[in-house]
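Asks: Please see the structure below; I have some questions.
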Amino acid sequence: MCGIFAAYNVPEVENFKAKALQYSKRIRHRGPDWSGNRIINNTILCHERLSIVGLDSGAQPIVSPDERYSLAVNGEIYNHIKLRDQYKDYKFKTLSDCEPIIPLFEQYGVDAPKYLDGMFAFVLHDKDTDRIIAARDPIGITTLYMGRSSSKPKTVFFASELKSLVDECDEIFAFPPGHVYDSNTDKLTRYFDPTWWDEEKIPTTPVDYKLIRETLEMAVRKRLMAEVPYGVLLSGGLDSSLIASIASRETAKANKELEAKKEGVDASHLLTGVDEEGHLAVNGWNTKLHSFAIGLPGAPDLAAAKKVAKFIGTIHHEHTFTVEEGFDALSDVIYHLETYDVTTIRASTPMYLLSRKIKAQGVKMVLSGEGSDEIYGGYLYFAAAPSAAEFHTECVKRVKNLHYADCLRANKSTMAWGLEARVPFLDKEFLEVSLNIDPKEKLIDQKAGRIEKYILRKAFDTKNEEGATPYLPDEILWRQKEQFSDGVGYSWIDGLKELAEKSISDEQFASPKPEWGADIPSTKEAYFYRLKFDELFPSKAAASTVMRWIPKADWGCHEDPSGRFAKIHESTVVEN
Numbered sequence: 005m006c007g008i009f010a011a012y013n014v015p016e017v018e019n020f021k022a023k024a025l026q027y028s029k030r031i032r033h034r035g036p037d038w039s040g041n042r043i044i045n046n047t048i049l050c051h052e053r054l055s056i057v058g059l060d061s062g063a064q065p066i067v068s069p070d071e072r073y074s075l076a077v078n079g080e081i082y083n084h085i086k087l088r089d090q091y092k093d094y095k096f097k098t099l100s101d102c103e104p105i106i107p108l109f110e111q112y113g114v115d116a117p118k119y120l121d122g123m124f125a126f127v128l129h130d131k132d133t134d135r136i137i138a139a140r141d142p143i144g145i146t147t148l149y150m151g152r153s154s155s156k157p158k159t160v161f162f163a164s165e166l167k168s169l170v171d172e173c174d175e176i177f178a179f180p181p182g183h184v185y186d187s188n189t190d191k192l193t194r195y196f197d198p199t200w201w202d203e204e205k206i207p208t209t210p211v212d213y214k215l216i217r218e219t220l221e222m223a224v225r226k227r228l229m230a231e232v233p234y235g236v237l238l239s240g241g242l243d244s245s246l247i248a249s250i251a252s253r254e255t256a257k258a259n260k261e262l263e264a265k266k267e268g269v270d271a272s273h274l275l276t277g278v279d280e281e282g283h284l285a286v287n288g289w290n291t292k293l294h295s296f297a298i299g300l301p302g303a304p305d306l307a308a309a310k311k312v313a314k315f316i317g318t319i320h321h322e323h324t325f326t327v328e329e330g331f332d333a334l335s336d337v338i339y340h341l342e343t344y345d346v347t348t349i350r351a352s353t354p355m356y357l358l359s360r361k362i363k364a365q366g367v368k369m370v371l372s373g374e375g376s377d378e379i380y381g382g383y384l385y386f387a388a389a390p391s392a393a394e395f396h397t398e399c400v401k402r403v404k405n406l407h408y409a410d411c412l413r414a415n416k417s418t419m420a421w422g423l424e425a426r427v428p429f430l431d432k433e434f435l436e437v438s439l440n441i442d443p444k445e446k447l448i449d450q451k452a453g454r455i456e457k458y459i460l461r462k463a464f465d466t467k468n469e470e471g472a473t474p475y476l477p478d479e480i481l482w483r484q485k486e487q488f489s490d491g492v493g494y495s496w497i498d499g500l501k502e503l504a505e506k507s508i509s510d511e512q513f514a515s516p517k518p519e520w521g522a523d524i525p526s527t528k529e530a531y532f533y534r535l536k537f538d539e540l541f542p543s544k545a546a547a548s549t550v551m552r553w554i555p556k557a558d559w560g561c562h563e564d565p566s567g568r569f570a571k572i573h574e575s576t577v578v579e580n
């Protein structure tokens, strides 16, 4: 993961370069390893690099051998080995997983993103036609913004984060996931067209537990592609615990395979950090998987994470923070998140603090469990769904909006410290399998013993399979959903509400800013965050990039997004 800034068709681009470099510098936290820029015609591409694959030769922008194409990418392409084999006649200049985008574009044009398996945001310039193409991954795991300026009406700007655009653009929006922009038409077109996209089309496919398990295992396996120390975020909840368990198995398996192949194997192949399929890296640091957890002292998540780590055999790192330390980080968190959404800020603060600790321990990439709750209706408010059809429609809507919420949180909380987060649950194949399951299989029915994400849990419940090794302890596999901002310790959210109550007077709360229009904060906590956001990003264009995450009011759900306000929530603590 890296940071990109690009400006297409800039008047007097050489004079604009100094500004462009300053805008790019604002996102250097995303790419602390190297900075690069390139001017082509009236376009400038800037890149801040975090090196994960192709460490010695992956500097960007990447330029094609004939110097026709220039490419700036933020992301990881998991099928890059397969693509390199596909283009044997192309003279690759680097070992970067992103370089195959250039020959892909030469063959497929704006359809090129369809053939990428990964998380990405890229800007590609064709010097011969003075054309620019920009694209974002299908779900929006990787952040990307697009902007325009009334003072430069023919210029189009792109950046990994909002902060690089606010001083230049008076129109900014989040680049839509699964879309490609083409300067030839000046239009955005959706290239991602999965079978589940129509949220009103209710699937009827029966659940296949083995397929769910195998597809998620493959999703984890391909995301272990790296040449640097990696680990897993482990909250002790179902999602992160499953990812950690699979990653631990895959790392151990790869270690054994590499040991067996050492004699007679091409040493350069081992140094690339991939197996024959281009999936898995193993280096000395990763001979055993490391896991990381955070919470307030005595938090329910810490106890659960410790139990999981012991069970799956990771080297576990437990970190704590105080409510006061969380308060002190709020302004920095909102600056990096670029949102005023309540639930995102609540959950991002401990993740932001943990990411700093992880980076300090020498790790550059982690796996995380985002996406499962949207795919399987795991939030406790889904128990109030009036029907299976509405349950499914809400799932698809949540997946489509992940780039405003959990994807944004996972990307920016970690990248604030130059740490990359990868999210296996949002793998294209796993989404295809999971969102085509009959939603009747996903419904929450406590009386029938079907808790939230029942079928995902069942897919990894192997205790009745002969010779199978359990993935997780039963009390973790069947632990009720605890949202991350709750699981780090209930006093965290309680403390935030108390802080907002002290900070925002009744008179102030009753007089929202006129420029907020209809987007009026409904609680003092939301008001508190909005004021901080406005202070950091005073441009009116900035607020247009934010969407607030709230449960379904028309299902009778509580306005507060915390899972503790769902009627079926149970306070559970896992014993060590």
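Numbering (this note's numbering), first residue to last: 5 to 580. Beta carbons are placed, not taken as given, at the ideal position from N, Cα and C, and that holds for glycine.
Compute the Euclidean distance between the alpha carbons of GLY521 and ALA547, then round it to the nearest angstrom.
Replies: In a straight line, the C-alpha of GLY521 is about 11 Å away from that of ALA547.
Asks: Assuming TYR82 and PHE109 form a contact by the criterion Cβ under 8 Å, report the distance between their Cβ atoms to the nearest whole angstrom.
Replies: Not quite, the Cβ-Cβ distance comes to about 18 Å (not below 8 Å), so this is no contact.
Asks: Can you tell me the Cα-Cα spacing of ASP101 and ARG454, whole angstroms?
Replies: Computed Cα separation, rounded: 42 Å.
Asks: Can you round the beta-carbon distance between VAL492 and ASP305 to whole angstroms, since I take them to be within the 8 Å contact cut?
Replies: Right, their Cβ atoms sit about 6 Å apart.
Asks: Measuring CB atoms only, is the stretch 497–508 touching the stretch 522–537, in the sense that at least three cross pairs come out at less than 8 Å?
Replies: Touching, yes.
Asks: Do ALA414 and GLU456 have their beta-carbon atoms positioned less than 8 Å apart in this structure?
Replies: Not closer than 8 Å, so no.
Asks: Going residue by residue through the stretch 62–142, where are the continuous beta strand (DSSP E) segments of at least 3 residues, counting only ones entirely within it?
Replies: If we require 3 residues or more, the beta strand (DSSP E) runs fully inside the stretch 62–142 come out as 73–81, 122–130, 135–140.
Asks: Considering just the uninterrupted stretch of the beta strand (DSSP E) at GLU322, what are its terminal residues?
Replies: Residues 319–324.
Asks: Can you tell me which of the three DSSP states MET222 falls into?
Replies: Correct three-state label for MET222: helix.
Asks: Residue range of the beta strand (DSSP E) that ALA10 falls in?
Replies: Per DSSP, ALA10 belongs to the beta strand (DSSP E) from 7–12.
Asks: Please state whether DSSP places ALA389 in a helix, a strand or coil.
Replies: Coil, per DSSP.
Asks: Spatial neighbours of GLU424 within its chain, please: CB distance less than 8 Å, with the 5 preceding and 5 following residues excluded, ordered by chain position.
Replies: Contacts found: MET5, LEU54, ILE56, GLU80, LYS368, MET369, VAL370, THR418.
Asks: What is the DSSP secondary structure of PHE464, reduced to helix, strand or coil?
Replies: If DSSP states are grouped into helix, strand and coil, PHE464 belongs with coil.
Asks: May I have the straight-line CA-CA distance separating SER249 from LYS310, to the nearest angstrom?
Replies: Taking the straight line from one Cα to the other gives about 13 Å.
Asks: Only counting the same chain, and skipping five residues up and downstream in sequence, which positions put a Cβ closer than 8 Å to that of SER272?
Replies: Residue confidence is low: SER272 scores 39 on pLDDT, short of 50, so the model does not pin down where it sits. Its coordinate-derived value is still stated next. Result list for SER272: empty, nothing under 8 Å.
Asks: Could you please give the first and the last residue of the uninterrupted beta strand (DSSP E) stretch that includes ALA409?
Replies: ALA409 -> no beta strand (DSSP E), and no H or E assigned at all.
Asks: List the DSSP bridge partners of ARG53.
Replies: ARG53 pairs with PRO36, TRP38.
Asks: Return helix, strand or coil for TYR356, following the three-state DSSP convention.
Replies: TYR356: helix per DSSP, three-state reduction.
Asks: Which two residues bound the contiguous beta strand (DSSP E) that contains ILE298?
Replies: Unbroken beta strand (DSSP E) run through ILE298: 294–299.
Asks: Would ILE48 and ALA22 be called neighbours here (beta carbons separated by less than 8 Å)?
Replies: Contact flag unset, no.
Asks: Considering only the beta carbon of each residue, do LEU358 and HIS407 sit closer than 8 Å?
Replies: Taking 8 Å as the Cβ cut-off, LEU358 and HIS407 do not qualify as a contacting pair.
Asks: Please report how far the alpha carbon of TYR94 lies from the alpha carbon of PRO107, in whole angstroms.
Replies: So the alpha carbons of these two residues sit roughly 7 Å apart.
Asks: With H, G and I counted as helix, E and B as strand and the rest as coil, what does DSSP make of ILE459?
Replies: The answer is helix: DSSP assigns ILE459 an H, G or I state.
Asks: What are the residues that DSSP puts in a beta bridge with LYS544?
Replies: LYS544 pairs with nothing; no bridge assigned.
Asks: Mind reading off the beta-carbon distance from ILE137 to LEU148? Whole number of angstroms is fine, and I expect it under 8 Å.
Replies: Not a contact, Cβ separation roughly 13 Å.
Asks: Just how far apart, CA to CA, sit PRO65 and VAL550?
Replies: Cα-Cα distance, rounded: 29 Å.
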